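Student: Got a structure for you, written out below as structure tokens; questions coming shortly.
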Amino acid sequence: MGNVGIRNGEYFTTRIFQRWRFMSVMTIAMQALCLCLVLVLVFQPALAYRRIEDDRPPVPDSKGGIAKGPSSSVDSYLVPITVDNGIYLKAVITVGDSADNGYKLVGVPDGLGAYDNGDGSFTLLMNHEIQSGNGAVRAHGGSGAFVSKWTIRKKDFRVTHGEDLIRKVSTWNRDTKAYNNPETSPAVNMSRFCSANLADPSAFYNKKTGKGTKDRIFMNGEETDVDGRAFAHIATGDYAGHTFELPYLGQGSFENQVAHPSSGDKTVVIGLDDGGHNRVFVYVGEKKYVGNPIERAGLTNGKLYVIAAEGIADEIVDGGNLKAHDKRRFKCQLVGNGDMSGRFGTGTEVEKLYLPFNNTKAAPIPNTKFDRPEDGSWDPSNRKDFYFATTSTFNVTGRHSRLWRLRFDDPTLRSSLEGTIEVMVNGPDGNDRSGPKMMDNIGITKRGEIIIKEDLGKNVFLSRVWRYNLRTDKLDIISQHNPALFSGPVPVKTTDEESSGVISMDDLLGLGWYLGDVQAHRTLPNPLVEDGQLYAMYVPPYSQK
Numbered sequence: 001m002g003n004v005g006i007r008n009g010e011y012f013t014t015r016i017f018q019r020w021r022f023m024s025v026m027t028i029a030m031q032a033l034c035l036c037l038v039l040v041l042v043f044q045p046a047l048a049y050r051r052i053e054d055d056r057p058p059v060p061d062s063k064g065g066i067a068k069g070p071s072s073s074v075d076s077y078l079v080p081i082t083v084d085n086g087i088y089l090k091a092v093i094t095v096g097d098s099a100d101n102g103y104k105l106v107g108v109p110d111g112l113g114a115y116d117n118g119d120g121s122f123t124l125l126m127n128h129e130i131q132s133g134n135g136a137v138r139a140h141g142g143s144g145a146f147v148s149k150w151t152i153r154k155k156d157f158r159v160t161h162g163e164d165l166i167r168k169v170s171t172w173n174r175d176t177k178a179y180n181n182p183e184t185s186p187a188v189n190m191s192r193f194c195s196a197n198l199a200d201p202s203a204f205y206n207k208k209t210g211k212g213t214k215d216r217i218f219m220n221g222e223e224t225d226v227d228g229r230a231f232a233h234i235a236t237g238d239y240a241g242h243t244f245e246l247p248y249l250g251q252g253s254f255e256n257q258v259a260h261p262s263s264g265d266k267t268v269v270i271g272l273d274d275g276g277h278n279r280v281f282v283y284v285g286e287k288k289y290v291g292n293p294i295e296r297a298g299l300t301n302g303k304l305y306v307i308a309a310e311g312i313a314d315e316i317v318d319g320g321n322l323k324a325h326d327k328r329r330f331k332c333q334l335v336g337n338g339d340m341s342g343r344f345g346t347g348t349e350v351e352k353l354y355l356p357f358n359n360t361k362a363a364p365i366p367n368t369k370f371d372r373p374e375d376g377s378w379d380p381s382n383r384k385d386f387y388f389a390t391t392s393t394f395n396v397t398g399r400h401s402r403l404w405r406l407r408f409d410d411p412t413l414r415s416s417l418e419g420t421i422e423v424m425v426n427g428p429d430g431n432d433r434s435g436p437k438m439m440d441n442i443g444i445t446k447r448g449e450i451i452i453k454e455d456l457g458k459n460v461f462l463s464r465v466w467r468y469n470l471r472t473d474k475l476d477i478i479s480q481h482n483p484a485l486f487s488g489p490v491p492v493k494t495t496d497e498e499s500s501g502v503i504s505m506d507d508l509l510g511l512g513w514y515l516g517d518v519q520a521h522r523t524l525p526n527p528l529v530e531d532g533q534l535y536a537m538y539v540p541p542y543s544q545k
């Protein structure tokens with residue numbers, strides 16, 4: 001019996017030791033696993049950030065300057081306004097040059113939009129401001145204006161791929177109030193796509209309710225005449241390459257259609273009519289759970305309003321004495337019953353019924369005719385503020401190119417139809433060239449900097465690019481078109497040049513980077529149409545100067 005007790009004791013001692021050893025091994029393993037998880041959590045974001053940093057172009061030398069990228073045959077058409085001011089301009093691709101896959105850049109480059117591909121490159125969408133019937137027949141079967149799609153490597157701006165975005169176009173039948181079948185309809189010619197807006201995903205999708213679409217939508221319109229159309233071009237998802245006319249946004253000679261970046265279940269789009277001196281419109285729709293992308297996005301069945309600034313029926317007549325930071329109240333006035341999708345919603349009918357060409361305070365609907373509304377942008381840091389430029393003229397006394405701000409009480413117009421309009425920059429009139437003349441395209445950053453581009457037409461004066469600081473009210477020139485190319489009695493290029501399409505690339509390339517393009521208005525043989533260029537611009541942020 002004694003031996004049995006000893007054996008039992010040895011057995012239990014052995015079992016206890018084995019269990020202790022097993023638990024110790026498990027504890028060490030768990031500790032090691034926890035340590036690995038901690039290391040992953042600590043270092044993975046840093047490594048991911050490092051990869052992002054490695055993908056981006058290097059910050060240029062503090063002196064700035066000009067250069068050409070691997071896909072451009074020539075240097076930038078723009079140059080810094082002064083030597084060693086830190087401004088850097090790099091030609092990405094010039095009209096006549098090709099991407100690595102052989103796709104050629106043609107004129108007339110204008111509005112831009114970009115999104116990240118997550119592989120060290122980004123996709124760029126580009127408007128081409130070509131008159132209907134001109135240029136080559138594009139992928140959708142028509143000629144004239146189109147949208148090109150480019151893949152560009154971040155670190156050096158190499159253009160690796162290009163193609164037409166638009167593959168099919170759904171136009172609107174105002175009699176049946178339905179879309180024509182793009183498969184059986186005649187080829188569609190579109191005309192003069194100017195500025196553009198690749199809206200934030202939150203513009204058309206409310207993640208709190210699930211209403212809307214996650215597809216990226218590129219917005220623009222035809223700058224033609226009173227009956228120019230607004231369009232939505234689907235860039236991603238199952239409908240990628242499909243373009244839809246947007247009748248509910250009205251008709252006009254549109255410079256741009258700019259969607260509010262975050263309006264919940266509502267969808268808000270500002271339309272800028274550059275038909276001579278003209279109006280600024282506000283479209284308000286409702287997002288949906290079902291339908292095609294534009295139906296889900298809230299771009300159908302909404303209502304159209306027009307901006308009416310207090311005491312200003314016609315800016316040329318009533319606004320000549322306005323100065324910087326002068327303010328007025330404004331109201332969004334419903335245009336008719338707000339539904340522009342039928343036969344009486346054409347630009348011709350709306351002008352006849354509600355918005356006369358010769359506008360007065362006695363117009364059927366109170367409204368303001370601005371002195372050539374151009375591009376606009378919502379402030380990404382203040383969602384109630386919308387900025388837009390009016391071009392006016394080059395040298396007429398009493399007429400001023402201006403940068404305006406619309407500060408909405410409620411951008412969705414649910415609780416208020418009103419707001420405050422303010423002159424932010426009041427350009428000089430007459431022959432005074434000390435400030436911005438004929439402001440056109442603008443781009444705004446989260447840092448409160450607005451890039452403003454001049455379009456001086458055929459006036460023999462180099463078009464410039466300005467930077468305006470919303471926080472300090474500081475305004476300075478940063479670049480201009482190269483005098484060696486665009487000046488003189490017999491210029492190498494032309495004296496009719498403009499820079500356009502500016503967008504902030506802070507999020508994709510790093511603080512201070514922008515993309516833009518140049519329209520050098522000299523005719524080239526088809527399919528090129530006109531000279532032009534896509535460029536990258538680095539502007540040292542104010543905090544780094």
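The sequence shown begins at 1 in UniProt numbering and counts up by one. Each residue gets a CB set at the ideal place from its N, CA and C atoms; glycine is no exception. Remember, predicted model here, so these are calculated numbers, not experimental data.
Between which residues of its own chain and E315 is the CB-CB distance below 6 Å, once the five residues before and five after are set aside?
Tutor: Cβ within range, chain order: F370 and D371.
Student: Give me whichever residues DSSP pairs with S479 in a beta bridge.
Tutor: DSSP output for S479 lists P80 and V465 as bridge partner(s).
Student: What first and last residue would you give for the beta strand (DSSP E) that runs through F281?
Tutor: Looking at the DSSP string, the run of the beta strand (DSSP E) that includes F281 is V280 to E286.
Student: The beta strand (DSSP E) that contains F330, what's its start and end?
Tutor: K327 to L334 is the span of the beta strand (DSSP E), which, as asked, contains F330.
Student: By how many angstroms is the C-alpha of G102 removed from the C-alpha of Q131?
Tutor: Taking the straight line joining both Cα atoms gives about 24 Å.
Student: My understanding is that D273 touches G252, with C-beta atoms under 8 Å, so please give their C-beta distance in whole angstroms.
Tutor: So it is a contact: roughly 4 Å between Cβ atoms.
Student: Quick one: is E449 buried, meaning 16 or more other Cβ sit within 10 Å of its Cβ, or exposed?
Tutor: Label assigned to E449: buried.
Student: Buried or exposed: which applies to K68, given that a residue is buried once 16 or more other Cβ atoms fall within 10 Å of its Cβ?
Tutor: K68 is buried by the Cβ-count criterion.
Student: Rounded to whole angstroms, what's the CA-CA distance from S341 to L78? Just pull it up for me.
Tutor: Whole-angstrom Cα-Cα distance: 42 Å.
Student: Would you mind giving the Cβ-Cβ distance between V95 and Q533, rounded to the nearest angstrom? I have them listed as a contact below 8 Å.
Tutor: That belief holds up - the Cβ atoms of V95 and Q533 are roughly 7 Å apart, short of 8 Å.
Student: Helix, strand or coil for K345, going by three-state DSSP, please let me know.
Tutor: Here residue 345 is Gly; the residue named in the question, Lys, does not match the sequence. Note: G345 maps to helix in three-state DSSP.
Student: Apart from the five residues on each side of it in sequence, which residues of its chain come closer than 6 Å, Cβ to Cβ, to S62?
Tutor: Contacts found: G86.
Student: Note down, in chain order, each residue of its chain lying with its Cβ closer than 6 Å to the Cβ of A48, except the 5 sequence neighbours on either side.
Tutor: Legend: pLDDT at A48 = 47, less than 50; position of this residue unreliable, no value from coordinates given.
Student: Quick check on the DSSP output: what are the complete alpha helix (DSSP H) runs of length 4 or more inside the stretch 163-212, in order along the chain?
Tutor: Entirely contained in the stretch 163-212, the alpha helix (DSSP H) runs reaching 4 residues are, in chain order, 201-204.
Student: Excluding the five sequence neighbours on either side, which residues of its own chain have a C-beta within less than 7 Å of the C-beta of E223, listed in chain order?
Tutor: Counting only Cβ-Cβ distances below 7 Å, and skipping sequence neighbours, we find R192, C194, S253, F254, E255 and D274.
Student: Among M126, G107 and V268, which one has its Cα closest to the Cα of G135?
Tutor: Nearest C-alpha to G135: G107.
Student: Assess, as a yes-or-no matter, whether the stretch 286-295 is touched by the stretch 376-387 under the definition of 3 or more beta carbon pairs within less than 8 Å.
Tutor: Taking 8 Å as the limit for Cβ pairs, the verdict is that the stretch 286-295 does not touch the stretch 376-387.
Student: Considering Cα atoms alone, identify which of F330, A259 and I234 is closest to I294.
Tutor: Here the closest residue by C-alpha is I234.
Student: Mind checking E183: buried by the 16 CB within 10 Å criterion, or exposed?
Tutor: So E183 ends up on the exposed side.
Student: Rounding to the nearest angstrom, what Cα-Cα distance links D164 and I421 in this structure?
Tutor: Those two C-alpha atoms are separated by around 39 Å.
Student: If you run the structure through DSSP and keep just helix, strand and coil, what is F386?
Tutor: Strand, per DSSP.
Student: Are the CB atoms of F218 and A196 nearer to each other than 8 Å?
Tutor: Yes.
Student: Can you tell me the Cα-Cα spacing of G212 and G336, whole angstroms?
Tutor: Rounded to whole angstroms, G212 to G336 spans 27 Å at the Cα level.
Student: Would the stretch 236-250 count as touching the stretch 388-396 if we require 3 or more Cβ pairs under 8 Å?
Tutor: No contact exists between the stretch 236-250 and the stretch 388-396.
Student: From I270, F461, D119 and N431, pick the residue whose C-alpha is nearest to that of T160; which is it?
Tutor: If we check each option's Cα against that of T160, D119 comes out closest.
Student: At what residues does the alpha helix (DSSP H) containing E315 begin and finish?
Tutor: E315 to D318 is the extent of the alpha helix (DSSP H) around E315.
Student: Could you check the C-alpha separation between D175 and N358 for me, to the nearest Å?
Tutor: The straight-line gap from Cα to Cα measures roughly 29 Å.
Student: Report buried or exposed for K323, applying the criterion of at least 16 other Cβ atoms within 10 angstroms of its Cβ.
Tutor: Classification for K323: exposed.
Student: Let me know the secondary structure DSSP gives P525 once reduced to three states.
Tutor: Residue state, collapsed to three classes: coil.
Student: Could you give the distance in angstroms between the alpha-carbon of V40 and the alpha-carbon of T123?
Tutor: The predicted position of V40 is uncertain, since its pLDDT is 47 and thus under 50; no value can be drawn from it.
Student: Using only CA atoms, which one of S463, R296 and L528 lies nearest to T209?
Tutor: Out of S463, R296 and L528, R296 has the C-alpha closest to the C-alpha of T209.
Student: Going straight from the alpha carbon of E418 to that of V59, what length do you get?
Tutor: One C-alpha to the other measures close to 43 Å.
Student: Quick test of the definition: if touching needs 3 or more C-beta pairs under 8 Å, does the stretch 434-451 touch the stretch 459-471?
Tutor: Touching, yes.
Student: Mapping the DSSP letters down to three states, classify A536 as helix, strand or coil.
Tutor: Three-state DSSP puts A536 in a strand.
Student: Ordered along the chain, which non-local residues of its own chain (more than five positions away) have a Cβ less than 6 Å from that of F244?
Tutor: Counting only Cβ-Cβ distances below 6 Å, and skipping sequence neighbours, we find S170, A232 and I294.
Student: How would you write the range of the alpha helix (DSSP H) that R296 sits in, first residue to last?
Tutor: Taken as a continuous stretch (DSSP letters only), the alpha helix (DSSP H) holding R296 covers P293 to R296.
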